[in-house]
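Enquirer: Once you've had a glance at the structure underneath, I'll fire off some questions.
Protein chains: 2
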Amino acid sequence: MIIDCHGHYTTAPKELQTYRDSQVAALKDPSQAPTTGPLKISDDQLRESVQPQLKFQKDRGTDVTIFSPRASAMAHHIGDAQTSLDWSRHCNDLIYRVCGLFPENFVGVCQLPQTPSDVLANCISELERCVNELGFIGCNLNPDPSGGRWTAPPLTDKSWYPFYERLVELDVPAMVHVSASCNPNFHATGAHYINADTTAFMQFLTADLFKDFPTLRMIIPHGGGAVPYHWGRYRGLAQDMKRPPLADLIRNNVFFDTCVYHQAGIDLLLKIIPADNVLFGSEMVGAVRGIDPETGSYYDDTKRYVDAAAISSDARAKIFEGTARKVYPRINRALSVGSKQ
Amino acid sequence: MIIDCHGHYTTAPKELQTYRDSQVAALKDPSQAPTTGPLKISDDQLRESVQPQLKFQKDRGTDVTIFSPRASAMAHHIGDAQTSLDWSRHCNDLIYRVCGLFPENFVGVCQLPQTPSDVLANCISELERCVNELGFIGCNLNPDPSGGRWTAPPLTDKSWYPFYERLVELDVPAMVHVSASCNPNFHATGAHYINADTTAFMQFLTADLFKDFPTLRMIIPHGGGAVPYHWGRYRGLAQDMKRPPLADLIRNNVFFDTCVYHQAGIDLLLKIIPADNVLFGSEMVGAVRGIDPETGSYYDDTKRYVDAAAISSDARAKIFEGTARKVYPRINRALSVGSKQ
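If you read the protein sequences in the order shown, they are chains C and F. Whatever position you read off the first sequence (first residue = 1), add 660 for our numbering. Whatever position you read off the second sequence (first residue = 1), add 660 for our numbering.
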C-alpha cells in the first residue's frame, strides 16, 4: 500500500468559497453573514470534486491520501477566533464527508481554528471532535497564525503545551503547516511554506520540546524546507550549541515528507534523512500543477522520484507505508474500517 | 587564485563592540554616548584580529576573501538612521583598514546604514564613499532591516530602485544578507538567514526587476537558502505563473555562493546551478565554527566539498575565481593594486 501523507482538498465545490467570501464580507458588514448550518453541497458534488485526486491516485499508483482542508485557505489571520472556528468546522466537515464517500482513498486530518491573538483558540475541542467523532488521524498546526507576520511564540514555547498534551493523549501527530501570507515579502507556496518548515526545525533544534513530550510527533512538510540541503549547517549548529545530535533530535519526533519536485532534491533527502523519518507525500493537487518538460511528468508526481531513488526496498517500503503507519497510528483502524465498507 | 566571496569580520577587536554597546546604551541614556571620531584601535590590533582568517586561508589553500562587517551585528533594527549610519561607517572603516594592511588577502564589501523606517537611508552616499573612496567592490543589502518582522517592501518594489540605479552605475553587486533576528521565532543563522535567501529568490522570480536592471547582480548566500533543493518546485511555480524559465531568470543576475556545509548539499548545488552562477564562499569565520566528526574537517571548509564534487575543471575554475571576477568586476583592480604593494 502507498500512503500519500500530504494532500489538501484544493478542489472543493465552489459553495465552500462562497461561504468563506460571505463570512469575510460579514466582518465589515454583518448583513453579509452566511446562513448557519451545514453547507448545501450534495454527495454527488463531493464525489465529482475529488475526481482529480482519484485519477492521480490511479494514474500514479498510490492508494490512500491523508487528506486535509486546503492549507492556503485556512488563513487564520482573517477575523477572530469565532471566524476561524466556523470556517474550520465547515472545512473539516467536508473532509469527513469525502472520507466517508471514499473510505479506501482518503483519511482525514483537520484544520485547527487558530487565530493570531490566541494561537490555540478552540483548538483542543476541535481536535477532539475531529479525532473522536470524525475519525481523523492528525492535524495541521500553523506556527504563524498571523499569516507572515510571525507574531506567535515559537512552537517550543510553553503556551503551546496544552495542545501538545492532547496530541499525545490522542496519539495523533501534527504537520507543521502555515497558510496564506498577507506579508508581501512572502509568496505563499514559494517562500512562506518553505521558510516555516526551516523555522520550525530550528526551533525544535534549540529547545527541549521532545524531552518534555517524548512521544509527540511533528511532520515537517515540503521535504523539511531547507533542512536536508543544509544538514551540515544544522549538525554544526547543534554541535556548537551543545545540543543533541540531529539523529537523536529527529528519531522519534520529527519527520519529513517527500514533497520535493525534482529527482536531485529527493535523492538528497533520502541520502540524508533515514527512511524511518520520511513519509511519502505529494501535496497533490497543490502547489505546483504543471508538467515538467524535462521529464514529461507532473512536477508533483513524487512517487516517480522515490521509485527512481537509489534506496533499498526496505527503505522504500517504509517511505511509502511503514513510516506513515507509525507516525499516524490511527490510520490502521481507519483503513481497516474503510476496506470493510 | 581562489576567491572566497563570503567572509565577515567576526573577530574584530573588542573596542568595536564597546563602541556599539555605548551607542545602544545611549539610545536610552544619552550620557552613555561613545566619543566621536575614529575608534582607538591600532594597526597591530587589527593585524592580530584577522590571524584566524589568514590561518584558515593558508590551511585551506584559498587566496583572497571578499570581506565585510559582521552580518549579525549590522542589526539595522536598533536605533534610527543616524545610529545605523554611525555604526556602518565605523564597521566599514575597519574593513578598509584591514584590507589596507593585507591587500592580497582581503577586498572590502560594505555594510549599509539601513533602518526600518527608511530602508535606503543614507545608503547611496555610504555606498559611494565605500566604493569610490575606500575601494570596496560590493555591498551587503538587508531585505529585512526590521530584524525578523519583515516590514520592508519586497526587494522588487520600486522604492529600492534608486539604490539599484547606483549599484548599476558603479558596477558593483549586492549580496542579499539579513542580520540578527529580534523575532524569537527565527534563529539568526539557522532560520532567518536561510529564509531570507529563499524569500529573495521568490521575489525575484515573481517580478521584472532584472528586466528593469539587466546588469544588476544579486548574490544569494548560503547556497541560495532552500532554492536549489527545491529547484523543481521553483521551475514549476515559474511555469504555472507564466514567468521566464529559471535559467533565464538567473543567467546574468542571480548568483549563489557555496556556503553549504556538507558534501551532499554542495553536490546538489553544483548539479543544479551552472558554474557561471556559483561563487565559492565559506562564511569563514562565521556561522558554524566546529569540526565535523564525520569528516575530521571544519564544517565551513567548503573548499573540500567543491574539490570533491564531480564537476569539470572548467566549472571548478569558474566557481573558485571566474564567476567572482565577473560578478565583482572591481575585484580585478583591487587585486592588481594589492599585488603591487
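The C-beta atom is built at its ideal place from N, Cα and C for all residues, glycine as well.
Which ranges does the alpha helix (DSSP H) cover as unbroken runs of at least 4 residues, wholly within the region 758-820 of chain F, from first to last along the chain?
Expert: 783-788
Enquirer: Would you list, in chain order, the members of the region 886-914 of chain C that have their beta-carbon closer than 8 Å to a beta-carbon of chain F?
Expert: A886, P888, Y889, H890, W891, G892, R893, Y894, R895, G896, L897, Q899 and D900
Enquirer: Just grab the DSSP bridge partners of P729/C for me.
Expert: Stepping through the first sequence from its first residue, residue 729/C is reached at position 69. Note: P729/C sits in a beta bridge opposite Y669/C.
Enquirer: Given a cut-off of 8 Å, decide if L906/C and Q889/C are closer than it, judged by their beta-carbon atoms.
Expert: The sequence position of residue 889/C within the first sequence is 229, counting from 1. The sequence position of residue 906/C within the first sequence is 246, counting from 1. Sequence inspection shows Tyr at residue 889/C; the Gln mentioned does not correspond to that position. No.
Enquirer: Starting from I979/F and walking both ways along the beta strand (DSSP E), at which residues does that stretch end?
Expert: Along the second sequence, one-based indexing puts residue 979/F at 319. Note, I979/F: premise wrong, no beta strand (DSSP E); not H, not E.
Enquirer: Look at I738/C and A886/F and say whether their C-beta atoms are less than 8 Å apart.
Expert: Taking the first sequence and counting its residues from 1, the one referred to as residue 738/C is at position 78. Taking the second sequence and counting its residues from 1, the one referred to as residue 886/F is at position 226. No, the pair does not count as a contact, with Cβ atoms beyond the cut-off.
Enquirer: Output needed for A693/C: all residues of its chain with C-beta closer than 8 Å, excluding positions within five of it in sequence on either side, in chain order.
Expert: Taking the first residue of the first sequence as 1, we reach residue 693/C at position 33. The residues are S682, Q683 and A686.
Enquirer: Tell me which residues share the same chain as I910/C and place their Cβ nearer than 6 Å to its Cβ, disregarding the 5 neighbours each side in the sequence.
Expert: Sequence index remark: in the first sequence, residue 910/C carries index 250 (1-based). The answer, listed in chain order, is N937.
Enquirer: I need the DSSP call for A898/C, collapsed to helix, strand or coil.
Expert: Looking up residue 898/C in the first sequence gives position 238. Helix, per DSSP.
Enquirer: Name the residues in the region 696-723 of chain C whose C-beta lies less than 7 Å from a C-beta of chain F; which are they?
Expert: none
Enquirer: Is there a C-beta anywhere in chain F that falls below 8 Å from the one on K1022/C?
Expert: In the structure displayed, chain C extends from 661 to 1001; residue 1022/C sits before or after that span and is not available.
Enquirer: List the endpoints of the continuous beta strand (DSSP E) containing A834/C.
Expert: As a position in the first sequence, residue 834/C is number 174, starting the count at 1. That run of the beta strand (DSSP E) goes A834 to V836.
Enquirer: In angstroms with no decimal places, state the Cα-to-Cα distance between T722/C and I880/C.
Expert: Position 62 of the first sequence, counted from the start, is the residue given in the question as residue 722/C. Position 220 of the first sequence, counted from the start, is the residue given in the question as residue 880/C. Using only the alpha carbons, I get a separation of about 21 Å.
Enquirer: By the three-class DSSP mapping on this structure, what secondary structure does L939/C have?
Expert: On the first sequence, position 279 is the one that residue 939/C refers to. Looking at L939/C - three-state DSSP - the assignment turns out to be strand.
Enquirer: Under 8 Å, CB to CB, which of the residues in the region 838-856 of chain C have a partner in chain F?
Expert: Taking a C-beta cut-off of 8 Å against chain F, the contacting residues of the region 838-856 of chain C are N843, P844, N845, F846, H847, T849, G850, A851, I854 and N855, listed in chain order.
Enquirer: Say whether the region 750-767 of chain F touches the region 811-818 of chain F, bearing in mind that this needs 3 or more beta-carbon pairs closer than 8 Å, one atom from each stretch.
Expert: Judged by pairs of C-beta atoms under 8 Å, the region 750-767 of chain F does not touch the region 811-818 of chain F, as fewer than three such pairs exist.
Enquirer: Out of S691/F, L801/F and L830/F, state which residue places its alpha-carbon closest to the alpha-carbon of T775/F.
Expert: For the purposes of this step, residue 775/F is identified with residue 115 of the second sequence, where counting begins at 1. When only C-alpha atoms are compared, the closest one is L801/F.
Enquirer: Roughly how many angstroms separate the alpha carbons of L761/C and Q771/C, rounded to a whole number?
Expert: Locating residue 761/C in the first sequence gives position 101, where the first residue counts as 1. Locating residue 771/C in the first sequence gives position 111, where the first residue counts as 1. If I take the Cα positions, the gap works out to 20 Å.
Enquirer: Here's a check: name, in chain order, each residue in its chain whose Cβ is nearer than 8 Å to the Cβ of E793/C, leaving out the five neighbours to either side.
Expert: As a first step, residue 793/C must be located in the first sequence, where it is residue number 133. Cβ within range, chain order: n/a, list empty.
Enquirer: Give the secondary structure of V710/F by DSSP, where H, G and I count as helix, E and B as strand, and everything else as coil.
Expert: Translated into the one-based positions of the second sequence, residue 710/F becomes position 50. In this structure, V710/F counts as coil in the three-state DSSP scheme.
Enquirer: For chain F, check one thing: does any of its Cβ atoms lie closer than 8 Å to the Cβ of R949/C?
Expert: Residue mapping note: residue 949/C aligns to position 289 of the first sequence, counting from 1. With 8 Å as the cut-off, R949/C counts as an interface residue toward chain F.
Enquirer: Helix, strand or coil for F915/C per DSSP?
Expert: Residue numbering aside, residue 915/C sits at position 255 when the first sequence is read from its first letter. F915/C: strand per DSSP, three-state reduction.
Enquirer: Would you list the residues sitting across from V828/F in a DSSP beta bridge?
Expert: Counted from its first residue, the second sequence places residue 828/F at position 168. Note: V828/F sits in no beta bridge, so no partner.
Enquirer: What residue does the alpha helix (DSSP H) around I910/C start on, and which one ends it?
Expert: Counting from one through the first sequence, the residue named residue 910/C turns up at place 250. L906 to I910 is the span of the alpha helix (DSSP H), which, as asked, contains I910/C.
Enquirer: Kindly indicate if chain F contains any beta-carbon less than 8 Å away from that of Y921/C.
Expert: On the first sequence, position 261 is the one that residue 921/C refers to. For Y921/C, the answer is yes, since a Cβ of chain F falls inside 8 Å of its Cβ.
Enquirer: In this structure, how does DSSP classify I662/C when only helix, strand and coil are distinguished?
Expert: Taking the first sequence and counting its residues from 1, one reaches residue 662/C at position 2. If DSSP states are grouped into helix, strand and coil, I662/C belongs with coil.
Enquirer: Please confirm whether I784/F and A994/F have their CB atoms less than 8 Å apart.
Expert: Translated into the one-based positions of the second sequence, residue 784/F becomes position 124. Translated into the one-based positions of the second sequence, residue 994/F becomes position 334. Contact flag unset, no.
Enquirer: Helix, strand or coil for Y889/F, going by three-state DSSP, please let me know.
Expert: The residue labelled residue 889/F in the question sits at position 229 within the second sequence. It is coil, neither helix nor strand.
Enquirer: Please report the Cβ distance between V767/F and F727/F, rounded to the nearest whole angstrom; I am assuming they are in contact, meaning their Cβ atoms lie under 8 Å.
Expert: One-based indexing of the second sequence puts residue 767/F at position 107. One-based indexing of the second sequence puts residue 727/F at position 67. With 8 Å as the limit, V767/F and F727/F qualify as a contact, their Cβ atoms being about 7 Å apart.
Enquirer: Between the Cα of R720/F and those of D961/F, D974/F and L939/F, spot the shortest distance and give me the residue it belongs to.
Expert: What you label residue 720/F is simply residue 60 of the second sequence in a count that begins at 1. Checking every option, the nearest Cα to that of R720/F belongs to D961/F.
Enquirer: Can at least three beta-carbon pairs, one atom from the region 977-992 of chain C and one from the region 702-717 of chain C, be found at a separation below 8 Å?
Expert: no
Enquirer: In chain order, what residues of the same chain lie with their CB nearer than 8 Å to the CB of S841/C, ignoring the 5 residues before and after it?
Expert: Reading the first sequence from its first residue, position 181 is the one you call residue 841/C. Result list for S841/C: G807, G808, H847, A848, A851 and H852, in chain order.
Enquirer: What are the partner residues of I880/F, as DSSP defines its beta bridges?
Expert: For the purposes of this step, residue 880/F is taken as residue 220 along the second sequence, with counting starting at 1. Residue pairing by DSSP places I880/F opposite F916/F in a beta bridge.
Enquirer: Would DSSP call Y958/C helix, strand or coil?
Expert: Here residue 958/C is taken as the residue at index 298 of the first sequence, counted from 1. Judged by DSSP in its simplified three-state form, Y958/C adopts strand.
Enquirer: Would you kindly check if the distance between the Cβ of G925/C and the Cβ of G883/C is under 8 Å?
Expert: Position 223 of the first sequence, counting from 1, holds the residue named residue 883/C. Position 265 of the first sequence, counting from 1, holds the residue named residue 925/C. Against a cut-off of 8 Å, the Cβ pair of G925/C and G883/C comes out as a contact.
Enquirer: Buried or exposed: where does E786/C fall if 16 or more other Cβ atoms within 10 Å of its Cβ makes it buried?
Expert: Here residue 786/C is taken as the residue at index 126 of the first sequence, counted from 1. Counting Cβ neighbours within 10 Å, E786/C comes out buried, since at least 16 surround it.
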